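For the sequence shown, position 103 (counting from the first letter as 1) is numbered 103 according to this note's numbering, and the numbering increases by one without interruption. Ideal Cβ placement from N, Cα and C applies to all residues, glycine included. All values reported here derive from a predicted model rather than from experimental measurement. Notes follow the structure.
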Amino acid sequence: MSTEELKEVEGRKNFGPNHALVTTPQPCVMVATWDKDRVPDVMMAAWAGQYDHNQIVISMSKHKTTENLELTGAFTVSFADIRTVAESDYFGLVSGNQVPDKVAKAGFTVTPSPNVNAPIINEYPLTLECKVVSWADGILIGEVVNQSADESILTDGKVDLAKLQPIVFDAAGMCYRAIGDVVGGAWDAGKKFK
Numbered sequence: 001m002s003t004e005e006l007k008e009v010e011g012r013k014n015f016g017p018n019h020a021l022v023t024t025p026q027p028c029v030m031v032a033t034w035d036k037d038r039v040p041d042v043m044m045a046a047w048a049g050q051y052d053h054n055q056i057v058i059s060m061s062k063h064k065t066t067e068n069l070e071l072t073g074a075f076t077v078s079f080a081d082i083r084t085v086a087e088s089d090y091f092g093l094v095s096g097n098q099v100p101d102k103v104a105k106a107g108f109t110v111t112p113s114p115n116v117n118a119p120i121i122n123e124y125p126l127t128l129e130c131k132v133v134s135w136a137d138g139i140l141i142g143e144v145v146n147q148s149a150d151e152s153i154l155t156d157g158k159v160d161l162a163k164l165q166p167i168v169f170d171a172a173g174m175c176y177r178a179i180g181d182v183v184g185g186a187w188d189a190g191k192k193f194k
């Protein structure tokens with residue numbers, strides 16, 4: 001159906017199928033890999049989500065990170081937060097093909113993952129260590145083999161989003177926003193209708 005054929009929805013504004021609001025907000029995930037010389041590379045990806053209980057899916061075009069994925073079969077995923085907005089945005093702006101030392105240039109450091117052949121970016125306090133399950137047609141599916149978190153973002157032994165303060169990409173506003181307050185309990189707030 002073309003945009004010209006769309007009918008107005010009463011009381012609402014139509015944007016059509018290709019507007020930036022299709023799925024907003026989007027998580028700002030940082031995908032880190034090693035290149036052939038074991039130089040760390042990291043990129044920001046906003047089209048990502050959980051695929052299964054231990055799998056993640058990321059949509060991305062072919063570039064340095066995907067070349068590294070094909071080489072190593074592994075990657076890590078971290079989450080941009082309010083403390084790392086500028087560095088995380090930089091990792092999305094600059095290609096590792098043009099700036100091979102972009103991780104160091106941003107002032108970040110790495111530790112080799114003990115579980116997969118990929119770097120952990122130390123400045124991101126939450127990291128998923130992943131093996132490539134499949135990479136085809138711009139869709140990466142990874143198996144999460146471990147999650148590690150810095151003690152600074154834990155409450156009662158669990159990741160606390162209020163402490164992590166992850167950011168999301170707002171495609172409509174072309175900006176990053178912080179995750180907000182708790183507004184209800186999952187599998188609890190709706191019980192009032194039972």
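Coarse secondary structure for residue i, derived from DSSP in three states
i       : result
Ser-152 : helix
Lys-131 : strand
Phe-169 : strand
Gly-49  : strand
Leu-164 : helix
Glu-143 : strand
Ala-189 : helix
Start and end residues, alpha helix (DSSP H) containing residue i
i      : result
Ser-88 : 85 to 93
Glu-67 : 64 to 72
Residue i to residue j span [Cα, whole Å]
i       : j       : result
Lys-13  : Ser-113 : 48 Å
Phe-188 : Ala-178 : The sequence shown places Asp at residue 188, rather than the Phe named in the question. Computed Cα separation, rounded: 24 Å.
Ala-48  : Gly-16  : 22 Å
Pro-166 : Gln-98  : 28 Å
Ile-58  : Phe-169 : 15 Å
His-53  : Leu-69  : 22 Å
Range covered by the beta strand (DSSP E) that runs through residue i
i       : result
Thr-111 : 110 to 112
Val-57  : 55 to 59
Val-103 : Not the beta strand (DSSP E): Val-103 falls in the alpha helix (DSSP H), residues 102 to 105.
Pro-119 : 119 to 121
Arg-12  : No beta strand (DSSP E) contains Arg-12, which DSSP labels as neither H nor E.
Cβ-Cβ separation, residue j to residue i (assumed contact under 8 Å), whole Å
i       : j       : result
Ala-118 : Thr-84  : No, Ala-118 and Thr-84 are not in contact; Cβ-Cβ is about 18 Å, not under 8 Å.
Thr-33  : Phe-75  : 5 Å
Asn-122 : Val-110 : 6 Å
Notebook entry, point to check: Is it true that the stretch 152 to 170 meets the stretch 104 to 123, where meeting means three or more beta-carbon pairs spaced less than 8 Å apart?
Noted result: no
Checklist line | Inter-stretch contact at 8 Å, needing at least 3 Cβ pairs: the stretch 131 to 146 / the stretch 89 to 104 | finding: no
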